[in-house]
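Residue numbers (UniProt numbering): 1 to 200. We put the beta carbon where it would ideally sit given N, CA and C, even for glycine. What follows is a short report on a single structure.
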């Protein structure tokens, strides 16, 4: 079962109980705790489960002799990208989900130690609030990286926006980046706005 976190909790529990009562039934479930759609489990309202409700995949803990395999080595992304993911996910979710840092089997490209890159989809048809939230999340992640690496300035981060001139995210992002630049450089909002437009 791949992408188990996309299953509803009832379906997962039925299969888990079938596996628990039938030793001949072998079930392999794969999924990412942070992509769980089970809000009730994430909120730990299902603490009666053996996994203590830490995430949706804990439902499988009711199966005897359950074995857990954690893929803590990334064999696809270079080291700077893995460090990027570690800094973002552990700073925002590490305490709640007990996330362990990933390792990379690829050393990366010499001279490219900070390839911070954000890509977000074209949201020109999305509600205004969705565009604002996306822009806020981008600035929040930038702030997390600045805390993790004091040598990083806001303008060191490349933000790639698709269909920029029509993208609602871009217009919200300019204003939110202006606040970020103003706070970082100790300048006014208007000066930060010009700074943000300069780097667009």
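So the beta strand (DSSP E) residue i belongs to, where does it begin and stop?
i: residue 73; result: 73 to 78
i: residue 106; result: 103 to 106
Looking at C-alpha atoms only, which residue of the options is the closest neighbour of residue i?
i: residue 101; options: 167, 78 and 73; result: 73
i: residue 170; options: 69, 138 and 63; result: 138
i: residue 129; options: 151, 156 and 172; result: 172
i: residue 105; options: 79, 86 and 84; result: 79
i: residue 143; options: 31, 194 and 84; result: 84
i: residue 174; options: 12, 193 and 158; result: 193
i: residue 69; options: 191, 31, 82 and 182; result: 31
Please work out which residues of its chain come closer than 6 Å, Cβ to Cβ, to residue i, disregarding the five sequence neighbours upstream and downstream, and give them in chain order.
i: residue 54; result: For residue 54, the predicted structure reports a pLDDT of 47, less than 50, and the residue's modelled location is therefore unreliable. A value from the coordinates is still provided. So the list is empty, once near-sequence residues are dropped.
i: residue 20; result: 62 and 63
i: residue 60; result: 16, 29 and 66
i: residue 75; result: 105
i: residue 82; result: 74, 102 and 104
Quick one: using the 10 Å Cβ neighbour count with 16 as the cut-off for buried, is residue i buried or exposed?
i: residue 167; result: buried
i: residue 45; result: Reliability of the predicted coordinates at residue 45 is poor, the pLDDT of 44 falling under 50, and no value is obtained from them.
i: residue 131; result: buried
i: residue 7; result: buried
i: residue 195; result: buried
i: residue 188; result: exposed
i: residue 10; result: exposed
i: residue 157; result: buried
How about residue i and residue j: are their beta carbons less than 9 Å apart?
i: residue 141; j: residue 88; result: yes
i: residue 150; j: residue 180; result: no
i: residue 27; j: residue 15; result: yes
i: residue 176; j: residue 136; result: yes
Over what stretch of residues does the alpha helix (DSSP H) that includes residue i continue unbroken?
i: residue 22; result: Unbroken run through residue 22: none, as it is neither H nor E.
i: residue 173; result: 168 to 185
Which residues in the same chain as residue i place their Cβ atom closer than 8 Å to its Cβ, once the five residues preceding and following it in sequence are excluded?
i: residue 184; result: 146, 153 and 154
Leaving aside the five residues before and after residue i along the sequence, list all residues of the same chain whose C-beta is less than 7 Å from its C-beta, in chain order.
i: residue 18; result: 25
i: residue 86; result: 101 and 102
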